[in-house]
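Straight run, no breaks: the sequence shown in my numbering ends on number 67. Data first, discussion second: the structure below is written as structure tokens.
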Amino acid sequence: MDDVADLQAQIVALRLAVEGVWLSVLSSDPNAAQQAERLGEANVASLDQLDASTPQARAARDAVVLHTRSLWGSIAWQLQHGPAKR
-18 MDDVADLQAQ IVALRLAVEG VWLSVLSSDP NAAQQAERLG EANVASLDQL
32 DASTPQARAA RDAVVLHTRS LWGSIAWQLQ HGPAKR
């Protein structure tokens, strides 16, 4: 069970790092939120091209797509509502 908790902590840390990098990269873009939405859509479109010929592969791909949409949605929201916008 400790391995699962450790893996979950690593995934959360990775997500926070990815969000931080993209927020930093996009922070100087005058249309940052729109750019984040476009990047998210492109990222999801590329994931949809992954081979998912078995039910397990489809489930894994769909889970990654949902997580990716959530990640990019969070980035776009932070760019629209973050401290710089107050």
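In this text, a Cβ means the ideal position worked out from N, Cα and C, and glycines have one as well.
Counted as a single uninterrupted DSSP element, the alpha helix (DSSP H) harbouring L(-5) occupies residues D(-17) to L7.
Distance between V(-15) and Q(-9), taken at the CA atoms: about 10 Å. Non-local beta-carbon contacts of Q16 in its own chain, meaning distances under 7 Å to residues more than five positions away in sequence, involve L7 and D10 in chain order. Out of P36, L20, R42 and Q37, the CA that lies nearest to the CA of Q30 is found in R42. With a 10 Å radius around the Cβ and a threshold of 16 neighbouring Cβ atoms, G1 comes out exposed.
A straight line joining the alpha-carbon of T49 with that of A(-2) spans about 14 Å.
Excluding residues up to 5 positions away in sequence, E0 lie with their Cβ nearer than 8 Å to the Cβ of S55 in the same chain.
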